[in-house]
Ligand code: ASP
């Protein structure tokens with residue numbers, strides 16, 4: 059027996075008169091004085107079934123018992139709808155199937171929510187993900203994701219990249235997150251780590267002579283979940299031997315363009331814009347600036363050195379944002395709160411009203427020259443940051459993003475892709491009082507600065523780059539270290555002794571001593587990319603079975619405790635009690 063001749067979205071007037079079988083889900087049933095209409099749905103669309111008790115008594119009886127989401131198989135003749143019943147909104151709207159045989163293939167319990175219902179809480183949607191996935195939005199998003207992955211694979215293949223699978227059970231691969239670990243039955247007390255990325259394997263593959271590697275790799279990072287983060291996600295991971303960074307960028311830009319084209323969209327103009335990290339931080343207060351709006355940050359440190367306003371005169375850095383709106387007191391106090399949230403002690407401002415008069419408690423302390431430098435158009439506000447440079451950057455960057463959204467300055471019709479380049483090699487961690495890496499420990503320094511790695515770590519720029527799209531970091535990459543001595547120097551700055559380095563990364567140092575070509579690459583976060591392509595606000599909308607914010611998977615209820623025997627077999631003893639409430643599926 060054949061289940062179906064056509065998919066639900068396929069019947070057209072050309073098939074009128076044919077006997078057809080269709081199968082799918084009952085999206086809606088309407089009883090109309092004897093006639094029963096059922097919208098039969100699958101991923102391609104809807105076919106209207108009509109059951110007439112006068113022609114098909116048994117089918118009509120069955121039709122009365124149909125409820126939403128029952129799976130049905132219907133046979134009958136395709137007929138034209140009466141002119142007044144034509145539905146121009148549906149591709150199948152000119153025809154309907156006059157059913158003579160109707161079979162309930164499978165039943166559905168009453169649904170916790172209707173598929174087309176708006177405003178269903180996300181946790182409920184995740185708990186009943188299979189129903190949520192049946193809806194238009196998730197069907198569209200996962201199919202879009204598949205189209206993008208297929209386009210990327212075709213493109214990478216056409217550029218000569220070799221798809222190599224690397225292990226998911228491995229040694230720690232530091233990318234700045236915590237590791238998920240796997241106990242090993244055959245070696246109790248030992249653990250594999252799930253890879254935060256295939257970083258070291260791809261470097262080894264370059265040294266092994268593969269020249270161009272790529273993989274759609276799953277990565278695992280134990281960090282707090284956010285709108286753009288899941289514990290596990292995929293990357294388009296790639297690496298090239300003997301590359302310049304421009305060559306890496308060209309490959310990545312090509313993959314982005316191929317994805318746009320596969321979706322029938324105009325690809326962004328190439329080459330993408332480039333901005334040094336320094337410029338991004340000083341002008342936009344962020345290493346992933348959204349360039350769909352202006353609001354650049356300006357510097358006034360020099361100008362205010364002799365200011366009568368002590369806060370300015372004494373601050374190591376004074377910078378400001380000019381906003382095209384004269385804020386009221388209450389609006390300013392909201393902005394003050396935002397600034398404090400990001401670490402500012404206060405928020406100095408000058409408001410220029412519609413007449414161009416200045417309104418501000420600090421105006422009386424400022425010289426004519428200062429006021430002239432800050433003067434803005436009537437109907438604007440100048441907001442100041444005065445503190446340590448890093449704090450000023452952070453606060454003004456946060457205010458810039460907040461105001462971009464709040465004042466609707468963002469031009470949604472634009473796509474702004476840019477490369478942020480020349481990151482510092484290290485960052486100073488004030489809490490821990492030590493240097494940390496700003497990208498990962500395998501990133502190369504700008505050529506010529508290697509001898510300062512240990513003597514002046516803070517002054518060394520790296521060969522790392524990020525790709526940013528409308529304020530989201532799509533991915534990172536770099537030209538790597540291929541000299542084991544330089545690699546050791548970087549480890550030492552990070553507080554990893556030569557001995558520890560041998561223990562943790564001995565294989566890498568060894569392989570680097572056996573003929574390592576210069577190499578570099580990139581990894582593009584696929585789910586983030588697809589989220590933006592789909593115009594969705596968060597990554598969970600493009601992942602079939604995501605974790606909820608609490609880190610659990612609501613449909614299966616994972617993670618769950620293990621039985622004692624299984625723990626014993628793994629050589630694992632639980633020392634913290636299980637605090638999760640088992641009834642809580644979040
Ligand atoms: N492994 C890096 C990451 O996951 C990407 C790279 O440097 O190629 O961010």
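Residue numbers (our numbering): 59 to 644.
In this text, a Cβ means the ideal position worked out from N, Cα and C, and glycines have one as well.
Pick helix, strand or coil for residue 205, following the three-state DSSP scheme. Against the chain shown, residue 205 aligns to sequence position 147. Residue 205 falls in the helix class under three-state DSSP.
Local conformation of residue 340 per DSSP, three classes: As a first step, residue 340 is located in the chain shown; it is residue number 282 there, counting from the start. Correct three-state label for residue 340: helix.
With 16 other CB atoms within 10 Å as the buried threshold, where does residue 213 fall? In the chain shown, the residue the question calls residue 213 occupies position 155. Answer is buried; the Cβ neighbour count reaches 16.
When every heavy atom of ligand 1 is checked, does at least one fall within less than 8 Å of the C-beta of residue 257? By 1-based counting over the chain shown, the position of residue 257 is 199. Yes, Cβ of residue 257 sits closer than 8 Å to a heavy atom of ligand 1.
Would the beta-carbon of residue 336 fall within 9 Å of that of residue 215? The residue given as residue 336 occupies position 278 in the chain shown. The residue given as residue 215 occupies position 157 in the chain shown. Not a contact, by the Cβ cut-off of 9 Å.
Check whether the Cβ atoms of residue 239 and residue 272 lie closer than 9 Å to each other. Counting from 1 along the chain shown, the entry for residue 239 is found at position 181. Counting from 1 along the chain shown, the entry for residue 272 is found at position 214. No.
Would you give the residue range spanned by the beta strand (DSSP E) that residue 292 belongs to? Within the chain shown, numbered from 1, the residue matching residue 292 stands at position 234. 290-299 is the extent of the beta strand (DSSP E) around residue 292.
Buried or exposed for residue 295, please, with buried defined as at least 16 other CB atoms from any protein chain shown within 10 angstroms of its CB. What you label residue 295 is simply residue 237 of the chain shown in a count that begins at 1. Under this definition residue 295 is a buried residue.
Measure how close the beta-carbons of residue 420 and residue 313 come, nearest whole angstrom, since I'm counting them as under 8 Å. Along the chain shown, read from residue 1 onward, the residue named residue 420 stands at position 362. Along the chain shown, read from residue 1 onward, the residue named residue 313 stands at position 255. In this structure residue 420 does not touch residue 313 by the C-beta definition: roughly 50 Å separates them, more than the 8 Å allowed.
Does any heavy atom of ligand 1 sit closer than 8 Å to the C-beta of residue 120? Along the chain shown, read from residue 1 onward, the residue named residue 120 stands at position 62. Because no heavy atom of ligand 1 lies under 8 Å away, the Cβ of residue 120 does not count as near it: no.
Would you call the region 130-137 and the region 148-163 in contact, with 3 or more CB pairs under 8 Å? yes
Apply the 10 Å Cβ neighbour rule to residue 208 and answer buried if 16 or more other Cβ atoms are within range, or exposed otherwise. Your numbering for residue 208 matches position 150 in the chain shown. Under this definition residue 208 is an exposed residue.
According to the Cβ coordinates, are residue 542 and residue 522 closer than 9 Å? Residue mapping note: residue 542 aligns to position 484 of the chain shown, counting from 1. Residue mapping note: residue 522 aligns to position 464 of the chain shown, counting from 1. Taking 9 Å as the Cβ cut-off, residue 542 and residue 522 do not qualify as a contacting pair.
Between which two residues does the beta strand (DSSP E) containing residue 84 stretch? In the chain shown, residue 84 corresponds to position 26, counting from 1. Start and end: 77-90.
Could you check where the beta strand (DSSP E) with residue 602 kicks off and where it finishes? What you label residue 602 is simply residue 544 of the chain shown in a count that begins at 1. Looking at the DSSP string, residue 602 is not in any beta strand (DSSP E), and its letter there is neither H nor E.
Would DSSP call residue 101 helix, strand or coil? Here residue 101 is taken as the residue at index 43 of the chain shown, counted from 1. In the three-state reduction of the DSSP assignment, residue 101 falls in the coil class.
Cβ shell of residue 412 (< 8 Å), same chain only, five flanking positions each side left out: Taking the first residue of the chain shown as position 1, residue 412 is located at position 354. So the list reads 384, 436, 437, once near-sequence residues are dropped.
Is the number of C-beta pairs between the region 279-297 and the region 506-524 that are closer than 8 Å three or more? At 8 Å Cβ cutoff, the stretches do not touch.
First and last residue of the uninterrupted beta strand (DSSP E) at residue 577: Stepping through the chain shown from its first residue, residue 577 is reached at position 519. 577-583 is the span of the beta strand (DSSP E), which, as asked, contains residue 577.
Near residue 74, which residues of its chain fall below 7 Å by C-beta distance, leaving aside the five closest residues on each side in sequence? Position 16 of the chain shown holds residue 74. Excluding sequence neighbours, residue 74 sits near 136, 137, 138, 153.
Run of the alpha helix (DSSP H) containing residue 455, from where it starts to where it stops: Against the chain shown, residue 455 aligns to sequence position 397. 447-464 is the span of the alpha helix (DSSP H), which, as asked, contains residue 455.
Need the endpoints of the beta strand (DSSP E) that residue 533 sits in, please. Start at 1 with the first residue of the chain shown, and residue 533 comes out as number 475. Segment 530-537, the beta strand (DSSP E) holding residue 533.
In whole angstroms, what separates the C-alpha of residue 613 from that of residue 596? In the chain shown, the residue the question calls residue 613 occupies position 555. In the chain shown, the residue the question calls residue 596 occupies position 538. Approximately 19 Å, taken between the alpha carbons.
Report the CB separation of residue 110 from residue 348 in whole angstroms; it is logged as a contact under 8 Å. For the purposes of this step, residue 110 is taken as the residue at position 52 of the chain shown. For the purposes of this step, residue 348 is taken as the residue at position 290 of the chain shown. With a Cβ gap of about 58 Å, residue 110 and residue 348 do not count as contacting.
Work out the CA separation of residue 144 and residue 643 for me, nearest whole Å. One-based indexing of the chain shown puts residue 643 at position 585. One-based indexing of the chain shown puts residue 144 at position 86. Reliability fails at residue 643, whose pLDDT of 44 lies under 50, so the model's placement of it is uncertain and no value is given.
Between the C-alpha atoms of residue 93 and residue 168, what's the straight-line distance to the nearest angstrom? To locate residue 93, count along the chain shown from 1; it is residue 35. To locate residue 168, count along the chain shown from 1; it is residue 110. Straight-line Cα distance between these residues: approximately 23 Å.
Thinking C-beta only, is residue 369 closer than 9 Å to residue 441? On the chain shown, residue 441 is found 383 positions in, with the first residue counted as 1. On the chain shown, residue 369 is found 311 positions in, with the first residue counted as 1. Going by C-beta atoms, residue 441 is not nearer than 9 Å to residue 369.
Suppose the cutoff is 6 Å on Cβ atoms and the five residues either side in sequence are ignored; what does the same chain contact list for residue 376 look like? In the chain shown, residue 376 corresponds to position 318, counting from 1. 358, 359, 362, 370, 444.
So, for residue 330: in the same chain, excluding its five sequence neighbours on each side, which residues have a beta-carbon less than 7 Å away from its beta-carbon? The sequence position of residue 330 within the chain shown is 272, counting from 1. Cβ within range, chain order: 311, 475, 476, 477.
Examine ligand 1 and report whether any of its heavy atoms sits within less than 8 Å of the Cβ of residue 388. As a first step, residue 388 must be located in the chain shown, where it is residue number 330. No, ligand 1 has no heavy atom inside 8 Å of this Cβ.
With DSSP as the reference, please indicate the residues paired to residue 137 in a beta bridge. Stepping through the chain shown from its first residue, residue 137 is reached at position 79. Per DSSP, 154.
Residues in the same chain with beta-carbon distance under 6 Å from residue 450, minus the five sequence neighbours each way, listed in chain order, please. Counting from one through the chain shown, the residue named residue 450 turns up at place 392. Only 375, 377, 443 meet the Cβ criterion.
Output the distance between the C-alpha atoms of residue 301 and residue 552, rounded to the nearest integer angstrom. As a first step, residue 301 is located in the chain shown; it is residue number 243 there, counting from the start. As a first step, residue 552 is located in the chain shown; it is residue number 494 there, counting from the start. Going from the Cα of residue 301 to the Cα of residue 552 covers about 27 Å.
Sort 261, 230, 262 by Cα distance to residue 248 and report the nearest one. Taking the chain shown and counting its residues from 1, one reaches residue 248 at position 190. Nearest in C-alpha terms to residue 248, of all of 261, 230, 262, is 230.
Which of the three DSSP states, helix, strand or coil, is assigned to residue 7? The chain is shown only over 59 to 644; residue 7 falls outside these bounds and no answer can be derived.
Can you tell me which of 320, 297, 462 puts its alpha carbon nearest to the alpha carbon of residue 309? Position 251 of the chain shown, counting from 1, holds the residue named residue 309. It is 297 whose Cα lies nearest to the Cα of residue 309.
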